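In our numbering, the protein residues as written are 132 to 434.
Heads up: the structure comes next, in structure tokens.
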């Protein structure tokens, strides 16, 4: 019997690309797919397109139109909360503008089984309108606390086992109001999974084309402009405040490690810098993490 997947797609003004993406999802080989779509209130006809598709294809479902989320994270949290659970072996996220290779979902099943894991993500192949392509590597070895400071890769590669998704669903239903303050759903879901003892595997292969365009809410972090944007989020407090909020919501606030930095004072930030090698996967990012934490610690003393 084919593995049964629920694929949850968050959409917003997606008419330019959503048809190609949906076709690539429904064409997945070796699995049975049900596609659940949530549309953030749009102005380009996306809701009607989804309604018409659901009426013509029984594999496609949608949650009630009309809600305004203002960002992908809240839309995906809504999908998790409202997802039907019965009969599905695996649960997956999808963006509206990518292209999946035909074996994306069945390959995830094999990797999950081989590694006895419950969570899965993978590298992706980014592509741009000018024809450029690049493999985006996220499969560096996981470290003790990376889940508290970064995602496991793009959320559109995420696959959850049934037992992991059921606990995530229960958790988000209970904390639904609280998680509205979380900016990145993929970071949060990875943090929840690891914090609750679930094994996560990051596949070094790429089974999807990750479209880059001007309207990406979160795209590939490449180039000087992207680096400056990330720095601004560090120095305006967003990044570490999100790490603190996520640590609290997933239930690890009282652990000794989190207690050592969560107040984000100067000494706390200096301690965190010394733990940088445990907090990011990529070698370069470990050093950047340490440097940024030290810079913030110094700045706190100059105020």
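Beta carbons are placed, not taken as given, at the ideal position from N, Cα and C, and that holds for glycine.
Remember, predicted model here, so these are calculated numbers, not experimental data.
Residue i - containing beta strand (DSSP E), residue span
{"i": "residue 342", "result": "331–342"}
{"i": "residue 264", "result": "264–267"}
{"i": "residue 251", "result": "250–258"}
DSSP three-state assignment for residue i, whether helix, strand or coil
{"i": "residue 219", "result": "coil"}
{"i": "residue 136", "result": "strand"}
{"i": "residue 391", "result": "coil"}
{"i": "residue 323", "result": "helix"}
{"i": "residue 142", "result": "strand"}
{"i": "residue 158", "result": "coil"}
{"i": "residue 200", "result": "coil"}
{"i": "residue 296", "result": "helix"}
{"i": "residue 207", "result": "helix"}
{"i": "residue 307", "result": "helix"}
{"i": "residue 283", "result": "coil"}
{"i": "residue 275", "result": "coil"}
{"i": "residue 415", "result": "helix"}
{"i": "residue 328", "result": "coil"}
{"i": "residue 426", "result": "helix"}
{"i": "residue 261", "result": "coil"}
{"i": "residue 318", "result": "helix"}
{"i": "residue 270", "result": "coil"}
{"i": "residue 313", "result": "coil"}
{"i": "residue 386", "result": "coil"}
{"i": "residue 172", "result": "coil"}
{"i": "residue 147", "result": "coil"}
{"i": "residue 409", "result": "helix"}
Buried or exposed by the 16-neighbour rule on C-beta atoms within 10 Å, applied to residue i
{"i": "residue 418", "result": "exposed"}
{"i": "residue 432", "result": "exposed"}
{"i": "residue 383", "result": "buried"}
{"i": "residue 216", "result": "exposed"}
{"i": "residue 250", "result": "buried"}
{"i": "residue 254", "result": "buried"}
{"i": "residue 195", "result": "exposed"}
{"i": "residue 308", "result": "exposed"}
{"i": "residue 269", "result": "buried"}
{"i": "residue 186", "result": "exposed"}
{"i": "residue 325", "result": "buried"}
{"i": "residue 168", "result": "buried"}
{"i": "residue 139", "result": "buried"}
{"i": "residue 415", "result": "exposed"}
{"i": "residue 405", "result": "exposed"}
{"i": "residue 398", "result": "exposed"}
{"i": "residue 292", "result": "buried"}
Sheet register partners of residue i (DSSP bridge)
{"i": "residue 192", "result": "167"}
{"i": "residue 177", "result": "Bridge partners of residue 177: none, in fact."}
{"i": "residue 420", "result": "Looking at the DSSP assignment, residue 420 forms no beta bridge with any residue, so it has no partner."}
{"i": "residue 232", "result": "Paired residues: none, contrary to the question."}
{"i": "residue 214", "result": "Beta-bridge pairing links residue 214 to no other residue."}
{"i": "residue 225", "result": "140"}
Residue span of the alpha helix (DSSP H) that contains residue i, given as start and end
{"i": "residue 291", "result": "Premise fails: residue 291 lies in the beta strand (DSSP E), 290–292, not in any alpha helix (DSSP H)."}
{"i": "residue 397", "result": "397–405"}
{"i": "residue 373", "result": "369–380"}
Whole-number beta carbon distance between residue j and residue i, since they are thought to touch under 8 Å
{"i": "residue 223", "j": "residue 136", "result": "6 Å"}
{"i": "residue 260", "j": "residue 344", "result": "7 Å"}
{"i": "residue 200", "j": "residue 171", "result": "5 Å"}
{"i": "residue 276", "j": "residue 388", "result": "6 Å"}
{"i": "residue 341", "j": "residue 331", "result": "About 20 Å; that fails the 8 Å criterion."}
{"i": "residue 231", "j": "residue 335", "result": "About 18 Å separates the two Cβ atoms, so there is no contact after all."}
{"i": "residue 339", "j": "residue 288", "result": "7 Å"}
{"i": "residue 313", "j": "residue 244", "result": "The Cβ separation is near 30 Å, so there is no contact."}
9 Å Cβ cutoff, residue i in contact with chain D
{"i": "residue 157", "result": "The chain inventory of the structure shown lacks chain D, comprising one protein chain alone."}
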